[in-house]
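Line by line, the protein sequences give chains A and B.
Heads up: the first sequence is residues 26 to 409, going by my numbering.
Heads up: the second sequence is residues 26 to 409, going by my numbering.
No residue lacks a Cβ here, since even glycine has one placed at the ideal position from N, Cα and C.
Quick caveat, the model's predicted, so the values are computed rather than measured.
Reading through the structure tokens given below for one structure.
Number of protein chains: 2
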Amino acid sequence: TYSHLLLAGLGEDPGKVTVLVHSDVDLQPTNRKDVHSHVDLQSTRRKDDLSLLPWVHVVEAFQAIKQPLPVNLKFLVTVAEGTAWEGGGTLNFTCLLTSKKRFLSGVRYSCITLDRSPGTRFPCVIYGLRGLCYFTVEVTGADDPSHSDAHSGVYGGVLYEPMGDLLFLLNCLVDERGKILVPGVLDDVVRGEEPPSRDAEPDVEELRSTLAVPRLAHKEDSRRLLLHLAWLPSLTVHAVEGAWSGPGARTSVPLRVKGHFSVRLVPDQTPDKVCLRFIEYLNKVHRHFRRSPNAIRVELTSSARPWVQDPDDPHLGAAQRAVRTVLGGRPILTRAGGSSKMAAVLQRATGGSVVALPLDLDMGGLKVLAAYLHEVGQLDTNWH
Amino acid sequence: TYSHLLLAGLGEDPGKVTVLVHSDVDLQPTNRKDVHSHVDLQSTRRKDDLSLLPWVHVVEAFQAIKQPLPVNLKFLVTVAEGTAWEGGGTLNFTCLLTSKKRFLSGVRYSCITLDRSPGTRFPCVIYGLRGLCYFTVEVTGADDPSHSDAHSGVYGGVLYEPMGDLLFLLNCLVDERGKILVPGVLDDVVRGEEPPSRDAEPDVEELRSTLAVPRLAHKEDSRRLLLHLAWLPSLTVHAVEGAWSGPGARTSVPLRVKGHFSVRLVPDQTPDKVCLRFIEYLNKVHRHFRRSPNAIRVELTSSARPWVQDPDDPHLGAAQRAVRTVLGGRPILTRAGGSSKMAAVLQRATGGSVVALPLDLDMGGLKVLAAYLHEVGQLDTNWH
């Protein structure tokens with residue numbers, strides 16, 4: 026996997042507000058051989074890629090009606106190729122921060138677009154996202170990596186089977202209601218904090234039918250569901266990599282297995298601290314409770330800080346007005362459960378405010394972006 | 026997957042003993058398009074396929090030296106295509122049993138060849154194999170099978186995640202030392218029974234280094250290791266099928282996951298009874314202890330009865346003499362941990378005795394087979 030960073034600017038009018046637009050282009054592998062040398066927008070097919078093209082169309086729209094852009098625009102495009110979860114892959118953000126003086130100077134407002142709405146039909150503006158720690162835990166039975174498996178008919182019964190250890194470890198992460206069991210991880214979760222009434226509670230029936238599950242957790246109470254969707258951490262085990270993943274039945278004893286899980290974090294939790302707790306916990310459980318001679322290795326393969334913006338920031342008000350102008354009704358401010366590496370990074374790097382707009386093209390997404398630029402252009406230009 | 030049964034005979038001399046030879050040809054998918062219409066031995070590359078060709082060579086050898094075969098031979102070839110574990114795939118044995126009168130009449134002795142030696146360097150003759158129950162357990166979150174996954178950023182925290190349920194269930198199968206925790210499953214395991222001294226205890230150091238593991242189970246006591254290798258049941262979790270098995274990290278919540286595990290059985294256990302216990306147990310654990318609203322489905326996808334032969338049967342003595350003639354030393358009689366569907370089936374269908382020869386071509390395997398036919402030819406022809 027590769028990561029690239031593209032920076033671009035449009036306009037340097039000192040009388041205008043400067044808005045930074047972030048988009049993440051994840052190039053999935055295509056048939057094209059030259060994908061590494063060209064950032065070919067046509068080669069990308071992910072819904073996330075909607076985050077860049079609409080901005081191009083909006084700029085073209087202003088040009089078509091011969092109107093000047095109401096703001097100076099800066100584009101920050103992160104390009105990950107066939108990797109990872111949303112938000113910039115393995116990008117090293119140091120390069121961004123060191124170039125801050127030149128590129129980020131004057132940026133007061135940043136906007137990221139999300140392809141996923143936070144599970145509500147209401148038009149909304151997002152002022153917070155959960156962070157993320159993505160872990161792998163590998164259990165290795167054989168010292169020699171070329172020993173990938175044994176045969177259960179020949180050796181079943183005399184081995185400390187790595188799969189058994191992995192199942193035990195993964196089963197110790199959360200209880201049946203999804204509560205994280207790792208000591209200390211929930212210490213920094215502000216207990217009293219609750220979604221204010223502006224955060225829309227999900228429609229339980231709609232949520233259940235979207236997921237097609239028989240029953241949701243937390244007694245299907247809409248307020249508690251909102252809490253667990255965006256205001257509390259969650260943990261998901263994504264996969265167990267074993268010896269074999271094809272069809273049919275094999276009777277091998279995998280001697281090297283790897284579990285994948287991720288934890289969504291909320292403000293006041295930091296990936297560093299959470300990561301340490303998990304590594305410490307899993308090693309302790311393995312050594313003291315499982316007491317298996319197999320080796321384990323816990324790795325943090327990706328992380329993102331949680332992000333939350335002061336909901337009273339005028340920037341969010343401008344975004345809400347833009348949504349209302351286009352879609353009508355009363356757009357809500359809300360926090361969502363997804364993660365974006367760049368939200369917290371931009372907040373820290375610019376010292377300004379960040380807003381996330383869920384971009385639903387069916388719901389007039391392009392017009393919302395144009396209206397957003399218009400509204401932000403009216404804001405105070407006094408900055409620093 | 027397809028299964029076929031090939032029957033062939035060579036010689037009908039009433040003055041000779043009739044020996045049935047079983048071999049299992051597992052056709053792995055090849056590049057050839059016509060693999061379904063031809064049983065092409067060259068298209069098979071599995072070590073197991075050694076079980077048929079050597080017999081052909083042995084017959085040719087007798088012909089080359091112009092010696093009559095010392096026995097009447099019957100070939101029973103089971104052909105599975107790209108399936109399952111050893112021993113005949115999804116073959117329906119009814120067809121074998123109903124044709125018993127014609128094809129199996131007069132068969133007193135049956136021989137199966139195994140490509141896997143039971144973990145000992147000593148030449149040996151095998152008089153017992155463990156049985157097998159192969160299970161899958163599927164946990165389904167979404168009612169609608171087209172809902173294959175959700176996104177942990179959007180929905181993490183409000184779902185009863187099927188993976189969590191599956192990990193919990195699989196973790197309840199055995200304890201950390203490999204003891205099966207399912208009530209009743211060990212009831213039929215004869216406790217007092219122990220390997221007699223003729224059964225060779227494994228060389229601990231050799232076993233450990235073959236597997237390249239840091240430590241074996243059961244305190245690395247060679248007698249206890251032998252017990253667990255062949256005289257006691259074992260359970261292995263082979264794989265967890267999740268939503269994704271490719272490289273990289275995905276943050277999906279699989280809504281349909283499936284675990285694969287198998288249980289090796291010992292005499293007095295029957296697949297039917299064991300199967301019922303497992304299905305009952307997993308459903309009970311899920312309903313009463315996990316209390317998740319997700320649906321589970323436990324399936325027995327394959328099974329084999331355990332097989333054990335009276336070690337005093339003269340047939341085994343003949344096989345031992347054959348091994349001694351070719352390889353020297355004192356071949357041991359032993360039981361092994363693998364499984365063969367046909368061993369128990371042939372024992373029941375013929376009413377005669379069955380022997381298994383581990384076929385190591387480096388150790389003069391072909392000569393052993395020829396010597397075996399010679400020795401069996403000397404046995405009493407009075408039968409029925």
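**Message:** For A/P93, tell me which candidate among A/L404, A/A395, A/D405 has the shortest Cα-Cα distance.
**Reply:** A/A395
**Item:** A/I357 versus A/S378, A/A347, A/W256, A/L194, residue with shortest Cα-Cα distance
**Value:** A/A347
**Message:** Just to check my reading of the structure: A/L260 and A/L352 have Cβ atoms closer than 8 Å, yes? What is that Cβ distance to the nearest angstrom?
**Reply:** Not confirmed; about 34 Å, so no contact.
**Asked** Mapping DSSP to helix, strand and coil, what is B/K204?
**Response** coil
**Prompt:** Roughly how many whole angstroms lie between the Cα atoms of A/R233 and B/H176?
**Reply:** 14 Å
**Request:** Look at A/H313 and A/I321 and say whether their C-beta atoms are less than 8 Å apart.
**Result:** no
**Asked** If we ignore side chains and look at the alpha-carbon of each, how far apart do B/V278 and A/L371 end up?
**Response** 28 Å
**Residues within the stretch 275-308 of chain B neighbouring chain A, beta-carbon criterion of under 8 Å** = R275, T276, S277, V278, P279, L280, H285, S287, R289
**Message:** Is there a Cβ of chain A sitting closer than 8 Å to that of B/V179, yes or no?
**Reply:** yes
**Request:** Using a Cβ cut-off of 8 Å, pull out every chain A residue sitting near B/A242, in sequence order please.
**Result:** G182, V183, L184, Y185
**Asked** Three or more C-beta pairs closer than 8 Å, one from the stretch 148-166 of chain A and one from the stretch 95-106 of chain A: is that the case here?
**Response** no
**Neighbourhood of B/R216 by C-beta, 7 Å cutoff - its chain only, sequence neighbours within 5 removed** = none
**Request:** Please classify A/G353: does DSSP put it in a helix, a strand, or coil?
**Result:** coil
**Message:** Whole angstroms are fine: how far does the CA of B/R373 sit from the CA of B/E400?
**Reply:** 23 Å
**Request:** Could you say which of A/L191, A/S135, A/D168 lies nearest to B/A237 if we only look at CA atoms?
**Result:** A/D168
**Prompt:** At least one CB of chain A closer than 8 Å to the CB of B/T9: is that the case?
**Reply:** What the structure shows of chain B is the stretch from 26 to 409, and residue 9 of chain B is not part of that stretch, so it cannot be assessed.
**Message:** Just verifying my parser: in three-state terms, what is the DSSP assignment at A/C14?
**Reply:** Absent from the structure is residue 14 of chain A, since the part of chain A shown begins at 26 and ends at 409.
**Request:** Quick one: grab the DSSP three-state call for B/K283.
**Result:** strand
**Request:** Take A/R360 and list the residues in its own chain whose beta-carbon comes closer than 6 Å to its own, dropping the five residues that flank it on each side.
**Result:** G153, A255
**Request:** Could you tell me whether any Cβ in chain B is nearer than 8 Å to the Cβ of A/M188?
**Result:** yes
**Request:** Starting from B/A268, find everything on chain A with Cβ-Cβ shorter than 9 Å and list it in chain order.
**Result:** H263, A264
**Message:** On the CB-based measure, 16 or more other CB atoms within 10 Å of its CB, does A/V291 come out buried or exposed?
**Reply:** buried
**Prompt:** Is B/A109 buried or exposed, if buried means 16 or more other CB atoms sit within 10 Å of its CB?
**Reply:** For B/A109, the predicted structure reports a pLDDT of 43, less than 50, and the residue's modelled location is therefore unreliable. A value from the coordinates is still provided. B/A109 comes out buried.
**Request:** Would you please verify whether the beta carbon of A/R169 is less than 8 Å from any beta carbon of chain B?
**Result:** According to the sequence as given, residue 169 of chain A is Asp; it is not Arg. So, interface residue.
**Prompt:** Where does A/W256 fall in DSSP's three states?
**Reply:** helix
**Prompt:** How many Å lie between B/E226 and A/S287 at the Cα?
**Reply:** 45 Å
**Request:** Using the Cα positions of B/H63 and B/V104, report the straight-line distance between them to the nearest angstrom.
**Result:** Bear in mind that a pLDDT of 39 at B/H63, under 50, signals an unreliable position, so the number given afterwards is only what the model happens to contain. If you take the alpha carbons of B/H63 and B/V104, they lie about 11 Å apart.
**Request:** Alpha carbon to alpha carbon, how far is B/P220 from A/Y185? Give it in angstroms, no decimals.
**Result:** 22 Å
**Prompt:** Of all the options B/L257, B/E266, B/T235, B/I90, which has the alpha carbon lying nearest to the alpha carbon of A/G166?
**Reply:** B/T235
**Item:** chain E residues whose Cβ lies nearer than 8 Å to that of B/P148
**Value:** Absent from the structure: chain E. Protein chains present are A and B.
**Message:** So, with DSSP's three-state summary, where would you put A/R233?
**Reply:** helix
**Asked** Is the beta carbon of B/S317 sitting closer than 8 Å to the one on B/D190?
**Response** yes
**Asked** When the cut-off is 8 Å and only beta carbons count, does B/F193 lie next to chain A?
**Response** yes
**Asked** Enumerated in chain order, which unbroken segments of the beta strand (DSSP E) with a length of 3 residues or greater are wholly contained in the stretch 367-396 of chain A?
**Response** 378-383
**Asked** Between A/P39 and A/S130, what straight-line distance do the alpha-carbon atoms span, to the nearest angstrom?
**Response** 12 Å
**Under the three-state DSSP convention, the category B/K244 falls into** = helix
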